[in-house]
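These notes are about the structure you will find just below.
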Amino acid sequence: MTDATYLETPQGRRLAYHKTDGAGDGRPGVVFLGGFKSDMGGTKAIFLEEWCRARGLSFLRFDYSGHGESSEPFTDGCIGDWAEDAEVAITELTSGPQILVGSSMGGWISLLMTKRLHDRVAGLVTIAAAPDFTEDSMWAGFTQAQRLALDMVQHVELPSEYGEPYVITKRLIEDGRDHLVLRDPVPLPFPVRFLHGTADADVELSVALRLMEKSVGEDIHLKLVKGADHRFSTPECLDLIGTGIEEVLARL
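The sequence shown begins at 43 in the working numbering and counts up one residue at a time.
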């Protein structure tokens with residue numbers, strides 16, 4: 043595998059990325075936006091890179107600051123920082139319209155990008171999207187002791203099935219409140235495909251239904267996959283991600 047290339051952001055962060063050029067036939071490119079504490083070397087990102095290369099589509103995958111090969115400690119970051127990273131990566135590293143593919147937290151980031159870069163977004167595919175999770179999942183689920191610890195020592199630790207505990211900072215929670223998207227209608231005036239597994243133990247099905255309810259647009263579909271978990275990385279699930287992109291392309 044080739045080494046990552048790096049992009050310096052206006053905020054002084056150094057983002058690692060891999061970019062695949064397309065056939066130059068005018069079709070939109072694809073940008074993958076990963077999840078919380080994940081990286082661009084995951085199964086879905088690599089699958090999409092190969093999928094796009096086989097079809098002559100440009101593709102971008104990158105690590106937010108504090109993730110993967112990018113600079114900064116993870117615990118220094120927050121939704122606002124990672125949204126800034128995504129905005130500069132899309133602006134500086136792609137040209138023309140793009141189809142955003144957002145996984146978990148990347149679904150939230152992609153929704154923020156539809157507001158900030160609406161002229162550049164041709165379509166949207168989300169996978170187990172987790173908009174507003176810092177408030178509606180983390181903060182809402184904290185005990186009184188955890189909330190007190192967050193105030194006193196500025197962080198709490200949450201267990202994770204993916205390895206070491208998640209260190210959740212007070213800044214992450216407070217900054218998340220400045221970027222909530224499900225409190226108002228979400229305009230999505232382009233083809234949209236939401237994918238969600240019924241066995242997702244990290245993002246409840248109610249989140250997908252609420253996102254569907256809040257979304258405003260003429261071509262928005264929610265596909266529920268019985269038995270699929272949060273990773274959504276089985277061969278069958280990966281094929282469904284590709285199908286989602288194909289459906290968006292066909293509608294453009």
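Heads up, the beta-carbon is just placed ideally off N, CA and C, and yes, glycines get one too.
In the DSSP annotation of this structure, residue 273 is not part of any beta strand (DSSP E), being labelled neither H nor E. Under the three-state reduction of DSSP, residue 137 is assigned to coil, being neither helix nor strand. For the pair of segments examined, the region 106-116 was found to touch the region 78-88: the number of CB pairs separated by less than 8 angstroms reaches three. Under the rule that a run must span 3 or more residues, the beta strand (DSSP E) segments found entirely inside the region 50-78 read 56-62, 71-75. The three-state reading of DSSP puts residue 212 in helix, counting H, G and I together.
In the structure shown, residue 225 adopts coil according to DSSP, grouped into three states. Under the criterion of beta carbons closer than 8 angstroms, residue 236 and residue 254 qualify as touching, at roughly 6 angstroms. Check the Cα spacing between residue 164 and each of 259, 274, 91, 54: the tightest is with 259. The count of Cβ pairs closer than 8 angstroms, one atom from the region 137-145 and one from the region 195-211, stays below three, leaving the stretches out of contact.
In the structure shown, residue 97 adopts coil according to DSSP, grouped into three states. Per DSSP, reduced to three states, the secondary structure at residue 160 is helical.
Sorting 127, 137, 146 by C-alpha distance to the C-alpha of residue 87 places 146 at the top. Residue 183 and residue 203 have their C-alpha atoms spaced approximately 17 angstroms apart. Spanning the alpha carbons of residue 278 and residue 267 requires a straight line of approximately 10 angstroms. Excluding its 5 nearest sequence neighbours in each direction, residue 240 has C-beta neighbours in its own chain below 8 angstroms: 247, 266, 267, 268, 269, 270, listed in chain order.
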